[in-house]
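Mapping to the numbering used here: the sequence shown position 98 is 510, numbers consecutive.
Where is the CB? At the ideal position from N, CA and C, for every residue including glycine.
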Amino acid sequence: MSSATEPYWLDGEDRMAPSLQESTDADVVIVGAGVCGAAAALALAEAGIRTVWIEGRAVSQGASGRNAGFVLQGTAERYSRAVAIMGRERARAVHQVSRDNHRAMSSAIGELQIPCGYQRRGSLQLAGSVLEEAELLESAALLREDGFSAEVREGHQLDAVYRNAGFNVGVHIADDGELDPAAFVRGVAKAAVARGVRLFEGSPVRELTASSPGEAWVRTDGGEVHAQLVLLCTNAYVGELVPWFADKVDPVRGQMLATAPAPPLFSCPVYADHGFDYWRQDPAGRVVLGGWRNLDVEGEKGTAEVLHPGIQARMEEFLARFEGMRGVPVTHRWSGTMGFSRDGLPLVGPVPGLPGALAAVGFTGHGFGFAWQCGKALVELLLEGRSDVADRFPTRRLAM
Ligand SMILES: Cc1cc2nc3c(=O)[nH]c(=O)nc-3n(C[C@H](O)[C@H](O)[C@H](O)COP(=O)(O)OP(=O)(O)OC[C@H]3O[C@@H](n4cnc5c(N)ncnc54)[C@H](O)[C@@H]3O)c2cc1C
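Following this line, the structure appears as structure tokens:
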């Protein structure tokens, strides 16, 4: 392992806010400034609630600025597997949450005019083996039966670029999207700050108390915040701060690379090998590629943002399967940490033993499919006392 580099998305980006250097109070304090915290911050600002927002590093320095920028529907499992694991009705409802999530993100991008290279070109799932082809076809049939779009592309319906690289079957999902994830989250953060949220970066929360309803307190090295409620939006890191989550959300590393601009090859985000491998070409022509975690599942656990030379080498080898990519240099390599929940679904709502806290974590590699709605759900719980999304993903289901 060698040390990691900055993600392509954050190359040259500066900090947005100072660190906390005082003791202050607020109605709500949010911990964590990724996509989830950003959704909560914006919703609180729009509701006129006095909010302090604390980030240990910088906005989007966690997984939200280190990912591939796919805005996909569904969980990390292919739909047929999701149906087998959670049952037809639940799988359909969870799938719908992610579609609502995409719609809400797309509205925010439009309303706030965030320049984040957002496109809605759909996505392509590819099968790398006969077994996977069957899974893909079954998933497509189930998706269509449940009212979602899924177009099978076989033989000459599949672009030559994929056939020449050894793929035979694909399924195009029409409504999926893609964006520069860091630009999106930073754009939302700017809007939240402009609406009155007090943001502090470089301020890791070392300790928190929320053992009475209506009373929360967080401590950083430079100061403290007293509030009525703390919102935990720290995904993979949540177990470090709140031990209850330590055996429910596991930190899992993902490797990424980006190339220099290449000729147009990939017309939408693509994922293969059961979703383990994924790539897309951004508006500048750079190919952003990640995955291959299944080569070293045990070695890719933990929060250290280190490069895995073996996985990085395999990713580069894979790119060379595409004629147009041969000789295109890799310019950026990085890794990031995902929070995998024990059942693959987010955990949203009250935290057992901490009545002054709510959490939205455990997005299991698909935070841009769920975290926007889940961050907003925390604010709905605060304002309305209930939320359909929180009801769908209750934290207590993993209480044992
Ligand atoms: C390599 C990779 C590729 C991925 N690709 C995709 C993709 O294409 N599409 C998709 O939907 N998802 C993808 N994901 C997953 C997605 O990035 C995450 O699910 C999502 O970003 C989670 O957002 P979040 O806001 O919950 O967490 P994060 O973005 O991780 O934000 C949590 C924040 O909390 C802060 N924090 C933690 N502890 C503390 C503390 N004690 N005090 C203060 N701050 C703290 C962290 O610094 C961090 O900034 C990928 C992830 C990785 C790593």
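Please report the Cβ distance between F780 and V447, rounded to the nearest whole angstrom; I am assuming they are in contact, meaning their Cβ atoms lie under 8 Å.
F780 to V447, Cβ: 6 Å. Contact.
Just tell me which of L524, F560, G582 and S561 has its CA closest to the CA of H568.
Ranking the options by Cα distance to H568, first place goes to G582.
Note the first and the last residue of the continuous alpha helix (DSSP H) segment covering L536.
Element bounds for L536: not the alpha helix (DSSP H) but the beta strand (DSSP E), S535 to A539.
Identify, in the order they occur along the chain, each residue of the same chain with its Cβ nearer than 8 Å to the Cβ of A516, setting aside the five sequence neighbours on each side.
Only W784, Q785 and K788 meet the Cβ criterion.
Work out the CA separation of G481 and I521 for me, nearest whole Å.
I521 and G481 have their alpha carbons spaced roughly 14 Å apart.
CB contact flag (F805, L770, <7 Å)
The answer is no: Cβ separation not under 7 Å.
Here's the rule: buried if 16 or more other CB atoms are within 10 angstroms of the residue's CB, otherwise exposed. What is S415?
In this prediction, S415 has a pLDDT of 48, which is less than 50 and means its spatial position is unreliable; nothing more can be read from the coordinates.
Same chain only: Cβ atoms within 6 Å of E501, ignoring 5 sequence neighbours per side:
Excluding sequence positions up to five before and after E501, its CB lies less than 6 Å from no other CB in the same chain.
CA-to-CA distance, V443 to N580, given in whole angstroms:
The alpha-carbon of N580 is positioned some 45 Å away from that of V443.
Residue range of the unbroken alpha helix (DSSP H) whose run includes L707:
The continuous stretches of alpha helix (DSSP H) do not include L707, and DSSP gives it neither H nor E.
Does the distance between the C-beta of E467 and the nearest non-hydrogen atom of ligand 1 fall short of 6 Å?
Indeed, a heavy atom of ligand 1 lies less than 6 Å from the Cβ.
Determine the direct distance from the alpha carbon of S435 to that of H507, and round the result to whole angstroms.
A straight line joining the alpha-carbon of H507 with that of S435 spans about 42 Å.
Sub-7 Å separation of A457 and V791 beta-carbons
Not in contact: A457 and V791 (Cβ atoms no closer than 7 Å).
When you measure from the CB of S476 to every non-hydrogen atom of ligand 1, does any distance come out below 6 Å?
Indeed, a heavy atom of ligand 1 lies less than 6 Å from the Cβ.
From the DSSP output, in three-state form, read off H720 for me.
Residue state, collapsed to three classes: coil.
Report buried or exposed for A601, applying the criterion of at least 16 other Cβ atoms within 10 angstroms of its Cβ.
Label assigned to A601: buried.
Of all the options R610, H778 and A595, which has the alpha carbon lying nearest to the alpha carbon of D588?
Residue H778 is the option with its Cα nearest to D588.
My guess is that L570 and A452 are in contact by the Cβ rule of under 8 Å, so how many angstroms apart are they, rounded?
Rounded, the Cβ-Cβ distance is 41 Å, inconsistent with contact.
Once the 5 residues before and after A696 are set aside, which same chain residues still bring their CB inside 7 Å of it?
Contacts found: P673.
Check for me: the alpha helix (DSSP H) holding R598 runs from which residue to which?
In the DSSP assignment, R598 falls within the alpha helix (DSSP H) that extends over P593 to A606.
Counterpart residues of P806 in DSSP-defined beta bridges:
Bridge partners of P806: V760.
Is DSSP giving Q693 helix, strand or coil here?
Here Q693 carries a strand assignment [DSSP, helix/strand/coil].
Using the beta-carbon count (16 or more within 10 Å), is N513 buried or exposed?
Per the 10 Å Cβ criterion, buried.
Backbone secondary structure at Y649 - three-state DSSP
Judged by DSSP in its simplified three-state form, Y649 adopts helix.
Who are the Cβ neighbours of F730 in its own chain at under 8 Å, not counting the five residues just before and after it?
Taking C-beta separations shorter than 8 Å and ignoring five residues to either side along the sequence, the partners of F730 in its chain run D689, L701 and W704, following chain order.
Given 6 Å as the limit, tell me if Y649 has its C-beta closer than that to any heavy atom belonging to ligand 1.
Result yes, Cβ under 6 Å from ligand 1.
Beta-carbon proximity of V440 to T463, cut-off 7 Å:
Yes. Within cutoff.
Touch check for the region 669-684 and the region 748-755: three-plus C-beta pairs under 8 Å?
The answer is no - the region 748-755 does not touch the region 669-684, with fewer than three Cβ pairs under 8 Å.
Give the secondary structure of I442 by DSSP, where H, G and I count as helix, E and B as strand, and everything else as coil.
Reduced to three states, the DSSP call for I442 is strand.
C-beta contact flag for A382 and P663 at 7 Å
Here the chain has residues from 413 to 812 only, and residue 382 is not among them.
Am I right that T646 and V773 are in contact with their C-beta atoms under 8 Å? What's the rounded C-beta distance?
Yes, T646 and V773 are in contact; Cβ-Cβ is about 7 Å, under 8 Å.
Closest by C-alpha distance to V760, when choosing among F734, R798 and D592:
Residue R798 is the option with its Cα nearest to V760.
Own chain, CB closer than 7 Å to G651, minus 5 neighbours either side, in chain order
Only residues of its own chain outside the window of five on either side were considered, and among them F657, A658 and V661 have a CB closer than 7 Å to the CB of G651, listed in chain order.
Touch test, the region 518-532 against the region 714-732, Cβ-Cβ under 8 Å, three pairs minimum:
Segments in contact, no.
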